[in-house]
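In what follows, a structure is listed as structure tokens, so that the remarks can point back to it.
There are 2 protein chains.
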Amino acid sequence: MNNTERLFKKLLEQLKNAAKFYYAFDLLEWDQLIKMPPGGAKGRAEIYAAVNTEGFKLLTSDKMGEILKKLKGNVENLNPEKQLLIKRINAIYQRLKVVPPDLMKAFNEAKSRACTIWTEAKKKSDFSIFQPALKDLVGFMHQFAELYGYEKNPYDGLLPSFEPGITTEDLKKIINPLLKELIPFVRSLIEQPNKPDEKILKGHFSERLQRKLSLEALKVIGYNFNKGRLDIAPHPCTAAVGPEDVRLATRFVLKDLAPALFASIHEGGHGLYEQGKDPLLRWVKLDTDYSLGLHESQSLMWENIVGRSLSFWKFFYPKLQNIFPRFRNIALKDFYRAINTVKPSLIRIDTDEVTYNLHVILRFEIEEALIKGEIKVKDLPELWNKKMKEYLGVVPKNDAEGVLQDIHWSLGCFGYFPTYMLGNLYAAQLFATAKREIPELEEEIAKGNLSVFLEWLRMKVHRFGLIYEGPELIREVTGESPTLKFWLDYIKEKYSKIYDIS
Amino acid sequence: MNNTERLFKKLLEQLKNAAKFYYAFDLLEWDQLIKMPPGGAKGRAEIYAAVNTEGFKLLTSDKMGEILKKLKGNVENLNPEKQLLIKRINAIYQRLKVVPPDLMKAFNEAKSRACTIWTEAKKKSDFSIFQPALKDLVGFMHQFAELYGYEKNPYDGLLPSFEPGITTEDLKKIINPLLKELIPFVRSLIEQPNKPDEKILKGHFSERLQRKLSLEALKVIGYNFNKGRLDIAPHPCTAAVGPEDVRLATRFVLKDLAPALFASIHEGGHGLYEQGKDPLLRWVKLDTDYSLGLHESQSLMWENIVGRSLSFWKFFYPKLQNIFPRFRNIALKDFYRAINTVKPSLIRIDTDEVTYNLHVILRFEIEEALIKGEIKVKDLPELWNKKMKEYLGVVPKNDAEGVLQDIHWSLGCFGYFPTYMLGNLYAAQLFATAKREIPELEEEIAKGNLSVFLEWLRMKVHRFGLIYEGPELIREVTGESPTLKFWLDYIKEKYSKIYDIS
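Line by line, the protein sequences give chains A and B.
FYI, the numbering for the first sequence is 55 to 556, going by the working numbering.
FYI, the numbering for the second sequence is 55 to 556, going by the working numbering.
Structure below.
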């Protein structure tokens, strides 16, 4: 073993030391969401903070700095993946290093308080309860943006926490044509007289049978239950709580068949991504997953592009009919149309894949203006409602179904929302590439042979984990920078058919 | 605030810093036992070790040493509880301090390996698989005994990890008369022709209804579900995973009504003890709970002295009959006799309260001889079987139902078993005192008013947590050192009646 290899091994060891605490932290978080008794919340925030801080300390230690410094410009012997990993870790290290530990600790505590306050404010549907805590967090964001640095826009300082390699300008280049194309397209769909009949998805569906359906779908897409499980949570989520332990959670709505099933498949997509990482990366676990856009592309790909496709339902519909015999009287086509209903909604997580990006853009624009200091926290409810009217044509009746609906800001996540939009774009771009490379892809899916696609994703996307920045990987795999084109084509083609627009 | 108070506050802060990691550790352990998917085990041991080591480091830090040193001989201003806490923490600190961190780390890793190996060995019922790992752990025990120090017997070096204030000699003073009195008494019970009819407890009892019964019993004894929960585990257990979060787990045997119910009440007793700690002690959380004898006295008290008493069933039997109507045809007296059947068993955890201590004594004698080096690990199966024959008159057919039955040794716990016997003794001695101080105690229990007893325990036992050593608290509350007398009287009186021995 030469010197560089020895250093690389040391780097992995140091990453592993940090990963142990980050995995423990994610278990604490998973438990809080899913298993913790209500009274147990007291004191939890302090346990979190201690465990998280320990991971952070190890990741930003002088030892880590030394290893990275010694590796710099000295990596030619290593294979390309290892070189890329070093580059990414170095970028992450430099970024984390600029935040003084005390500030990070104060931020973690503020987040934890804010999260509790947000829960109460949402329950009471009163933004003014949350306002001071949110102002506090925005204050942290201003500090962070300055510490991280940026060229033109302070929001650029925050984006790389969730999606390195993307700037506000990049986003605007996507958003402007997207708004221009999508708003009239959505209007044309809504005005169509021949709408899908969503009512066929309503009724009473027992939790037991819905669970059975979700488990079946997750098995079909290839999620490994030996290294995972499916629980119930107030918000669906995926948690990697160990190097071989990636858990999903969904939520059951008894009067509607769709939410649990598609949330399960969505989280299953996240789960497959985590389960498909190269073994080299098992003990590379950070506070957040870098390139959330890529992560989200995997969940949205399985939920929407596969999970709401006609090909998928050609083989999966009989399985659903076995579990819920009432669907034996409903034609596949009607079912397929029903699960692809487009309807502007007040709530982001209840929305369809067509209007989803409009919700994201609204949040992005508010965040950017907040971080640039162009608007004030107190103006948020009004601004929110105004944009909802403009983009989606609907207006929230209260804060709970408006500005308070999402947990993200209370978790201190600013710059996170755009990754959902990027996820949609990446997914469409990747799927188009997969179809080009595997011409029989949709036929295989229609036969239930999903492993063809999973293997392609494993090889092209999953195994690399955080090694690539999102736009980098997209270029690598598809030969093109992230672009609106594929998603827009996908949406227009699919929904023109469903809504009979010629 | 004077200087001593400031120092005491610092002590609590330092303890809290360590407690955060120990709580996180206990959550990892709880999760592994109860929720973790099988494949998730890989890597878990390393996450444990990291989190545990962090708690250990904080607990044994120089900062801790300094605070304790400064407090020494300088505590008169503090109230007695605070003084006692300092004394106990100091003793624990001194004890932990003698183990070099590297040795502790190696031990934690060895335990984790041994536990996996034990599971396999037990499954295959082959002691030889476990033998090398056990030998390894006994080797650690020899090192620990020397490091901890002892006067006469190396086993005395280990006992204080679980029951400070007790020596091997103390135990032998209890064990010798116990064997002498108990073995012939058990024989006389077994020879009685008019035995309880255990068959009435067998049949098919759904998990759902058994769970309902367990929840009802736990509510009745006062366990707080807002700060806890009841799960299913392969071994029943209690886990304090946060300052306000104490969880129970039981196991369901579908063909037998008794195991789940009494395991639930048993763990409920542990849970009540943890939930009853003085708020001062919420953030005092160590690797093990000091005085496991006291801890066990609380579980055994509720399981046996209360939970298997005629008074308890006078009010609780109708509740059981509501859940399982088949018992409407069975007289209370027959039910009461059935749940108090005495039958020498091969398996410690399946045994009755009368013969239980014989199982404990067997393990104690083997452990003591192992640690003294009088016997070798390879001799264990034979010795085990010989003693089973001698004390209980039954002989295991294989290692799984013999020497491999308990998990304790694989967890590196030597000196633990005697705390079960002490728990029985303490429970009887405490209950006798409670009856003396609350003459109407048994009538109140028979009316379902268990809070009278819980309040007494809260005040006399629970709130002190680890402040007292077991024997210290027993003397404080009962006016007498731990003694065999009360337990033997309790057993002889109760079972002479049940078995009609005059």
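Glycine included, C-beta positions come from ideal geometry on N, C-alpha and C.
These numbers were taken from a predicted model, which means no experiment stands behind them.
B:HIS516 versus B:GLN148, B:ALA317 and B:SER351, residue with shortest Cα-Cα distance: Closest in C-alpha terms to B:HIS516, from the list B:GLN148, B:ALA317 and B:SER351, comes B:SER351.
Inter-stretch contact at 8 angstroms, needing at least 3 Cβ pairs: the stretch 500–515 of chain B / the stretch 122–141 of chain B: Touching, no.
Chain A residues whose Cβ lies nearer than 7 angstroms to that of B:PRO91: What B:PRO91 touches in chain A: PHE279, ASN280, LYS281, GLY282, ARG283 and ASP299.
Residues from the stretch 98–117 of chain A in contact with chain B, defined by Cβ distance under 7 angstroms: Under the 7 angstroms Cβ criterion, the stretch 98–117 of chain A contributes ARG98, GLU100, ILE101, ALA104, VAL105 and GLU108.
Contact under 8 angstroms by Cβ, A:VAL192 with A:VAL448: A:VAL192 places its beta carbon 8 angstroms or farther from that of A:VAL448.
Chain A contact residues for B:PHE194, given Cβ-Cβ distances below 8 angstroms: In chain order: nothing, as chain A lies at least about 23 angstroms away.
Cβ contact check for the stretch 65–76 of chain A and the stretch 338–348 of chain A: 3 or more pairs under 8 angstroms: Yes, the stretch 65–76 of chain A is in contact with the stretch 338–348 of chain A.
For B:ASP341, the first and last residue of its enclosing beta strand (DSSP E): First-last for B:ASP341: undefined, no H or E at that position.
Test: B:PHE75 CB closer than 8 angstroms to a CB of chain A: With 8 angstroms as the cut-off, B:PHE75 counts as an interface residue toward chain A.
Neighbourhood of B:ARG16 by C-beta, 6 angstroms cutoff - its chain only, sequence neighbours within 5 removed: Residue 16 of chain B is absent from the structure shown; chain B starts at 55 and stops at 556.
Cβ of B:ASN71 within 8 angstroms of any chain A Cβ: It does: the Cβ of B:ASN71 has a partner Cβ on chain A nearer than 8 angstroms.
Backbone secondary structure at B:ASP224 - three-state DSSP: In the three-state reduction of the DSSP assignment, B:ASP224 falls in the helix class.
Close Cβ partners of A:THR292 (< 6 angstroms) along its chain, the five nearest in sequence each way excluded: Cβ within range, chain order: LEU302, GLU321, HIS324 and GLY325.
Within-8 angstroms CB hit, A:TYR341 to chain B: The sequence given here has Asp at residue 341 of chain A, not Tyr. Chain B, which has no Cβ nearer than 8 angstroms to the Cβ of A:ASP341, makes this no.
Cβ-Cβ distance between B:LEU527 and B:ARG142 below 8 angstroms: No, the Cβ-Cβ distance between B:LEU527 and B:ARG142 is not below 8 angstroms.
Whole-angstrom distance between A:CYS467 and A:PHE259, CA atom to CA atom: Using only the alpha carbons, I get a separation of about 35 angstroms.
Span separating the alpha-carbon of A:CYS45 from that of A:ILE101: Nothing about residue 45 of chain A can be reported from this structure: the residues present for chain A run from 55 to 556 only.
Enclosing beta strand (DSSP E) for B:VAL300 [first to last residue]: Counted as a single uninterrupted DSSP element, the beta strand (DSSP E) harbouring B:VAL300 occupies residues 299–304.
Spatial neighbours of B:ARG382 in its chain, beta-carbon cut-off 7 angstroms, leaving aside the 5 residues before and after: Within its own chain, the residues whose Cβ lies closer than 7 angstroms to the Cβ of B:ARG382, once the five positions on either side in sequence are excluded, are GLN375, listed in chain order.
Nearest residue (CA-CA) to B:LYS387, options B:LYS373, B:PRO379, B:TRP367 and B:SER242: Nearest option by C-alpha distance: B:TRP367.
Paired residues, beta bridge with A:THR40 - DSSP: Examination of residue 40 of chain A is not possible in this model, given that chain A is present from 55 through 556 alone.
Given A:GLY219 as reference, the closest of A:THR487, A:TYR553, A:GLN483 and A:THR473 once Cα atoms are compared: Closest in C-alpha terms to A:GLY219, from the list A:THR487, A:TYR553, A:GLN483 and A:THR473, comes A:THR473.
A:ALA145, DSSP secondary structure in three states: Helix.
Assumed close pair A:GLU421, A:TYR209 - CB separation to whole angstroms, cut-off 8 angstroms: Contact between A:GLU421 and A:TYR209 is confirmed by a C-beta separation of about 7 angstroms, below the 8 angstroms threshold.
Proximity test, Cβ basis, 8 angstroms: B:LYS96 and chain A: Closer than 8 angstroms to some Cβ of chain A, the Cβ of B:LYS96 qualifies, so yes.
Where A:GLY296 meets chain B, residues with beta-carbon distance less than 7 angstroms: Neighbours of A:GLY296 on chain B, chain order: GLY94, GLY97, ARG98 and ILE101.
Status (buried if at least 16 other CB within 10 Å, exposed otherwise) for A:ILE286: Its Cβ having fewer than 16 others within 10 Å, A:ILE286 is exposed.
Among A:MET195, A:ASP180 and A:LEU66, the one whose alpha carbon lies nearest that of A:GLN137: The shortest Cα separation from A:GLN137 among A:MET195, A:ASP180 and A:LEU66 belongs to A:LEU66.
Segment limits, alpha helix (DSSP H) that includes A:LEU284: Segment 284–286 is the beta strand (DSSP E) holding A:LEU284; no alpha helix (DSSP H) there.
Per-residue DSSP class, three states only, for B:CYS169: Correct three-state label for B:CYS169: helix.
Neighbour-count burial assignment, B:GLY377, 16 or more Cβ in a 10 Å radius: One detail in the question is off: residue 377 of chain B reads as Ile in this sequence, not Gly. So B:ILE377 counts as exposed.
For B:GLY276 and A:TYR410, the rounded distance between their alpha carbons: Taking the straight line joining both Cα atoms gives about 49 angstroms.
Under 8 angstroms from the C-beta of A:ASP85: neighbouring residues of chain B: Those within 8 angstroms of A:ASP85 in chain B are LEU81, ASP85 and VAL295.
Same chain only: Cβ atoms within 8 angstroms of A:GLU83, ignoring 5 sequence neighbours per side: These residues qualify, in order along the chain: TYR102 and ALA293.
Host beta strand (DSSP E) of A:GLY296 (start-end): A:GLY296: member of the beta strand (DSSP E) spanning 291–296, first to last residue.
Close Cβ partners of B:ASP618 (< 7 angstroms) along its chain, the five nearest in sequence each way excluded: Examination of residue 618 of chain B is not possible in this model, given that chain B is present from 55 through 556 alone.
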